[in-house]
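Following: one structure in structure tokens, then a few remarks.
2 protein chains.
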Amino acid sequence: MIILDYQDRRPIYEQIVEKFQALILNGALPPDSQLPSVRRLAMDLSINPNTIQRAYAQLEQEGFVYPVKGRGNFVSHDMEAASRKREMFFQELLDLIKKGRTYGVSREEFLRFADDHYREGAI
Amino acid sequence: MIILDYQDRRPIYEQIVEKFQALILNGALPPDSQLPSVRRLAMDLSINPNTIQRAYAQLEQEGFVYPVKGRGNFVSHDMEAASRKREMFFQELLDLIKKGRTYGVSREEFLRFADDHYREGAI
DNA sequence: CCAACTGTATTATAAGTATTGATACACTTA
DNA sequence: TAAGTGTATCAATACTTATAATACAGTTGG
């Protein structure tokens with residue numbers, strides 16, 4: 002379900018956050034479905050439970066999950082979280098567009114590339 | 002010429018590298034033009050000379066500048082550096098496209114946004 | 001009831017990276 | 001020759017990440 006990339010410069014807990022965000026946003030984890038327990042996921046990924054705890058705390062803080070003491074963490078119904086994430090995505094796209102300009106990538110080239118590579122399926 | 006963003010998660014030396022790459026790639030710093038001296042730029046930015054040294058070392062390693070002992074660092078003629086950077090740019094774009102899919106951003110929406118925001122000038 | 005799950009909090013430690021600070025040395029140039 | 005340049009090195013500090021070891025409280029199925 003989750004695969005860590007130790008070549009990735011970003012910290013482990015952040016990778017975990019992003020993976021669950023993706024699973025939640027694309028519907029693989031519907032509202033009220035349960036996430037793996039802190040200890041269980043730590044076992045599966047061979048990392049420390051505290052790292053999972055940190056990731057879950059952030060997911061909660063961003064509104065993606067809600068915790069129930071003694072039972073587990075569950076996917077939230079919060080639609081705001083998704084739209085905040087979308088806004089951040091478009092900000093990233095804007096930053097990349099700026100970068101493209103300074104690198105001398107033309108509008109046509111950019112759009113052509115995006116058009117060619119933006120298809121469903123090949124996730 | 003260079004403005005540091007202390008909110009940015011990336012290290013200072015990396016911000017400096019990227020700024021000079023942009024200045025070189027968009028022609029603001031033509032080949033053989035001289036970069037500020039290590040000590041001078043450190044003074045201007047109120048940071049340690051070692052940090053500048055590290056940034057310049059990376060710019061040299063990537064082929065953007067060449068150093069002359071006792072004289073300074075100068076913009077290289079290396080065209081490979083630019084094309085390598087372009088490749089990395091398109092890899093970033095590809096990653097962002099993948100992300101967009103998992104966030105439920107449609108192809109049309111993506112292309113529409115890129116088309117609207119990709120114009121020269123507003124750098 | 002209780003054992004075995006859950007989440008949560010705390011403290012300590014280790015490791016890696018970024019940055020600063022202080023030198024020192026070699027080369028170039030006005 | 002003085003003042004600029006690059007380059008190398010070492011130490012110290014600060015911050016972040018991740019691990020390790022507990023402890024405590026709530027939930028649940030047998």
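In order, the protein sequences belong to chains U and S. Quick note: the first sequence uses this note's numbering, first residue 2, plus one each step. Quick note: the second sequence uses this note's numbering, first residue 2, plus one each step. Even for Gly, the Cβ is constructed at its ideal location relative to N, Cα and C. Just so you know, these numbers come straight off a predicted model, no measurement behind them.
Asked, Found
"Phenylalanine 65/S beta carbon less than 8 Å from that of alanine 82/S", "yes"
"Contact belief for leucine 94/U with phenylalanine 114/S at Cβ below 8 Å, rounded distance in angstroms", "6 Å"
"For glutamine 59/U, the three-state DSSP class (helix, strand or coil)", "helix"
"Proximity test, Cβ basis, 8 Å: asparagine 27/S and chain U", "yes"
"Status (buried if at least 16 other CB within 10 Å, exposed otherwise) for arginine 102/S", "buried"
"Own chain residues within Cβ distance below 7 Å of alanine 56/U, not counting five before or after", "Tyr14, Ile17, Val18"
"The alpha helix (DSSP H) enclosing valine 18/U, as first and last residue numbers", "13-26"
"Cβ neighbours of glutamate 63/U in the same chain (closer than 7 Å, five flanking residues each side left out)", "Ala82"
"Neighbouring residues, chain U, relative to arginine 87/S (Cβ below 8 Å)", "Tyr104, Gly105, Val106"
"Cβ of tyrosine 119/U within 8 Å of any chain S Cβ", "yes"
"Counted within 10 angstroms of its Cβ, other Cβ atoms place valine 69/U as buried (16 or more) or exposed", "exposed"
"Continuous beta strand (DSSP E) stretch holding valine 66/S: start and end", "66-69"
"Nearest-angstrom beta carbon gap, phenylalanine 90/S and glutamine 35/S [assumed within contact, 8 Å]", "With 8 Å as the limit, glutamine 35/S and phenylalanine 90/S do not qualify as a contact, their Cβ atoms being about 27 Å apart."
"Pairwise C-alpha distance: leucine 24/S and isoleucine 48/U", "42 Å"
"Near-chain S residues of the region 63-96 of chain U (beta-carbon distance less than 7 Å), N- to C-terminal order", "Lys86, Arg87, Phe90, Phe91, Glu93, Leu94, Leu95"
"Arginine 10/U burial status per 10 Å Cβ neighbour count (16 or more: buried)", "exposed"
"Contained alpha helix (DSSP H) runs [length at least 4] in the region 86-122 of chain S, N- to C-terminal order", "108-118"
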